């Protein structure tokens with residue numbers, strides 16, 4: 001069972017997909033950068049004892065874009081999430097995220113531990129970091145990339161099939177998984193195709209946390225935590241994770257066969273680990 005979801009908030013509307021029976025325990029699911037709520041469709045059938053509320057994060061999928069002149073900062077996504085949680089009256093839930101969604105989930109679980117009963121992070125764990133000396137160049141690159149995006153014209157996809165082909169060539173993802181994401185990321189208007197994803201998301205981050213800041217967030221996580229990594233996932237994620245496993249008292253790290261989108265391309269073993277962890 002699959003339902004379209006819409007959550008009007010003060011300044012944006014978040015949309016998503018509900019997978020399963022709403023009367024069952026809820027998993028709030030956050031996708032990765034430039035993906036959308038369809039990211040969790042393949043794994044949903046193996047998590048039938050749970051109701052998955054998969055969001056389109058702000059600027060992604062069918063959710064609202066930020067207002068003109070605004071930008072996308074990592075720390076604003078947990079704000080959007082908490083505004084949603086308060087508006088819906090959700091007291092306690094399982095929080096799951098993939099890649100960027102896992103980063104957001106980790107930060108949220110740290111800031112609002114009273115709401116997160118269990119945390120699942122796939123192919124990420126905590127924010128990406130840089131040393132303090134890189135801050136000026138990071139901000140410079142961000143400003144230049146934002147100006148470039150502002151002055152450039154939006155690109156239009158020629159077709160869903162061509163976009164799927166391009167996506168599979170760039171990333172380690174199967175074509176059927178890419179098609180799920182691309183179909184939700186493209187709309188047609190007046191016989192022309194448009195990307196629904198806000199192109200401002202492709203600009204560089206203004207600032208990155210330092211590793212001590214990331215440590216402070218991660219050490220404040222109070223709930224049982226499961227980290228799932230792909231055997232052929234991003235090496236950068238694995239390097240970061242190596243030093244962070246001891247920062248959470250109740251943490252399990254497992255590996256499943258697959259690349260960065262293993263929860264889509266190889267969902268059954270990933271779901272098996274999740275079910276075992278939750279039960």
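Residue numbers (UniProt numbering): 1 to 279.
Using N, Cα and C, we set each Cβ at its ideal position, and we do this for glycine too.
From a predicted model like this one, the values you see are computed outputs, not experimental measurements.
- Message: So within the region 66-118, which uninterrupted alpha helix (DSSP H) runs reach at least 4 residues, ignoring any that extend past its ends?
- Response: Entirely contained in the region 66-118, the alpha helix (DSSP H) runs reaching 4 residues are, in chain order, 76-88 and 100-111.
- Query: Between residue 79 and residue 95, is the Cβ-Cβ spacing less than 8 Å?
  - Reply: The sequence position of residue 79 within the chain shown is 79, counting from 1. The sequence position of residue 95 within the chain shown is 95, counting from 1. Annotated as distal: residue 79 and residue 95, with beta-carbon spacing of 8 Å or more.
- Under 8 Å between the Cβ atoms of residue 14 and residue 84? Mapped onto the chain shown, residue 14 falls at position 14. Mapped onto the chain shown, residue 84 falls at position 84. Yes, the pair counts as a contact, with Cβ atoms nearer than the cut-off.
- Query: Below 8 Å between beta carbons: does that hold for residue 200 and residue 149?
  - Reply: Numbered from 1 along the chain shown, position 200 holds the residue referred to as residue 200. Numbered from 1 along the chain shown, position 149 holds the residue referred to as residue 149. Yes, the pair counts as a contact, with Cβ atoms nearer than the cut-off.
- Item | C-alpha distance - residue 110 paired with residue 275, whole-angstrom precision | Stepping through the chain shown from its first residue, residue 110 is reached at position 110. Stepping through the chain shown from its first residue, residue 275 is reached at position 275. Spanning the two alpha carbons is a distance of roughly 23 Å.
- So is residue 268 buried or exposed if we call it buried at 16+ other beta carbons inside 10 Å? To locate residue 268, count along the chain shown from 1; it is residue 268. Burial state of residue 268 is exposed, judged by a 10 Å Cβ sphere holding fewer than 16 other Cβ atoms.
- Note the first and the last residue of the continuous alpha helix (DSSP H) segment covering residue 269. Walking along the chain shown from the start, residue 269 turns up at place 269. For residue 269, the uninterrupted alpha helix (DSSP H) segment begins and ends at 267-278.
- Query: Would a C-beta distance cut-off of 8 Å place residue 46 and residue 25 closer than the cut-off?
  - Reply: Taking the chain shown and counting its residues from 1, one reaches residue 46 at position 46. Taking the chain shown and counting its residues from 1, one reaches residue 25 at position 25. No, the Cβ-Cβ distance between residue 46 and residue 25 is not below 8 Å.
- Query: Roughly how many whole angstroms lie between the Cα atoms of residue 219 and residue 247?
  - Reply: Looking up residue 219 in the chain shown gives position 219. Looking up residue 247 in the chain shown gives position 247. Taking the straight line from one Cα to the other gives about 5 Å.
- Query: Apart from the five residues on each side of it in sequence, which residues of its chain come closer than 7 Å, Cβ to Cβ, to residue 195?
  - Reply: Residue 195 sits at position 195 when you count from the first residue of the chain shown. Excluding its 5 nearest sequence neighbours in each direction, residue 195 has C-beta neighbours in its own chain below 7 Å: 157, 185 and 186, listed in chain order.
- According to DSSP, is residue 13 helix, strand or coil? Counting from 1 along the chain shown, the entry for residue 13 is found at position 13. Three-state result, residue 13: strand.
- What are the residues that DSSP puts in a beta bridge with residue 19? Sequence index remark: in the chain shown, residue 19 carries index 19 (1-based). According to DSSP, which records beta bridges pairwise, residue 19 is partnered with 2 and 52.
- Query: To the nearest whole angstrom, what separates the beta carbons of residue 161 and residue 260, a pair I think is in contact under 8 Å?
  - Reply: Looking up residue 161 in the chain shown gives position 161. Looking up residue 260 in the chain shown gives position 260. Not a contact, Cβ separation roughly 22 Å.
- On a CA-only basis, which of 120, 93 and 253 is nearest residue 242? Give me that one, please. Here residue 242 refers to the residue found at position 242 when the chain shown is read from its first residue. If we check each option's Cα against that of residue 242, 253 comes out closest.
- Query: Hey, residue 131 and residue 225: beta-carbon distance below 8 Å or not?
  - Reply: Mapped onto the chain shown, residue 131 falls at position 131. Mapped onto the chain shown, residue 225 falls at position 225. With contacts defined by Cβ atoms closer than 8 Å, residue 131 and residue 225 do not form a contacting pair.
- Message: Can you check which of these residues, 28, 82, 81 and 58, is closest to residue 72 by C-alpha distance?
- Response: The residue you call residue 72 lines up with position 72 of the chain shown. Distances from the alpha-carbon of residue 72 to those of 28, 82, 81 and 58 put 58 closest.
- Specify the secondary structure class of residue 225 as computed by DSSP and reduced to three states. In the chain shown, counting from the first residue as 1, residue 225 sits at position 225. It is a strand residue.
- Where do the N-terminal and C-terminal ends of the alpha helix (DSSP H) with residue 128 fall, by residue? Indexing the chain shown from 1 puts residue 128 at position 128. No alpha helix (DSSP H) contains residue 128, which DSSP labels as neither H nor E.
- Report the option in 137, 118, 232 and 263 whose CA atom is closest to the CA atom of residue 221. To locate residue 221, count along the chain shown from 1; it is residue 221. Comparing Cα positions, the closest option is 118.
- Message: Quick check on the DSSP output: the beta strand (DSSP E) that includes residue 187 runs from which residue to which?
- Response: As a working note, residue 187 is residue 187 in the chain shown. Its beta strand (DSSP E) spans residues 186-189.
- Whole-number beta carbon distance between residue 205 and residue 142, since they are thought to touch under 8 Å: Within the chain shown, numbered from 1, the residue matching residue 142 stands at position 142. Within the chain shown, numbered from 1, the residue matching residue 205 stands at position 205. Indeed they touch by this definition, with Cβ atoms about 6 Å apart.
- Query: Among residues of its own chain, excluding the 5 on either side of residue 272, which ones have a beta-carbon nearer than 8 Å to its beta-carbon?
  - Reply: Working through the chain shown from its first residue, we reach residue 272 at position 272. The beta carbon of residue 272 lies closer than 8 Å to those of 46 in the same chain, with the five residues before and after it left out.
- Item | Nearest neighbour of residue 207, chosen from 138, 188, 190 and 257 [CA to CA] | As a position in the chain shown, residue 207 is number 207, starting the count at 1. Of 138, 188, 190 and 257, the smallest CA-CA separation from residue 207 is found for 138.
- Message: I need the DSSP call for residue 194, collapsed to helix, strand or coil.
- Response: Taking the first residue of the chain shown as position 1, residue 194 is located at position 194. In the structure shown, residue 194 sits in a strand (DSSP, three-state: E or B).
- Item | Backbone CA spacing between residue 233 and residue 33 [nearest angstrom] | Here residue 233 corresponds to residue number 233 of the chain shown, with the count starting at 1. Here residue 33 corresponds to residue number 33 of the chain shown, with the count starting at 1. The C-alpha of residue 233 lies about 15 Å from the C-alpha of residue 33.
- Exposed or buried, what is residue 164 when buried is set at 16 or more other beta-carbons lying within 10 Å of its beta-carbon? Here residue 164 refers to the residue found at position 164 of the chain shown. Under this definition residue 164 is a buried residue.
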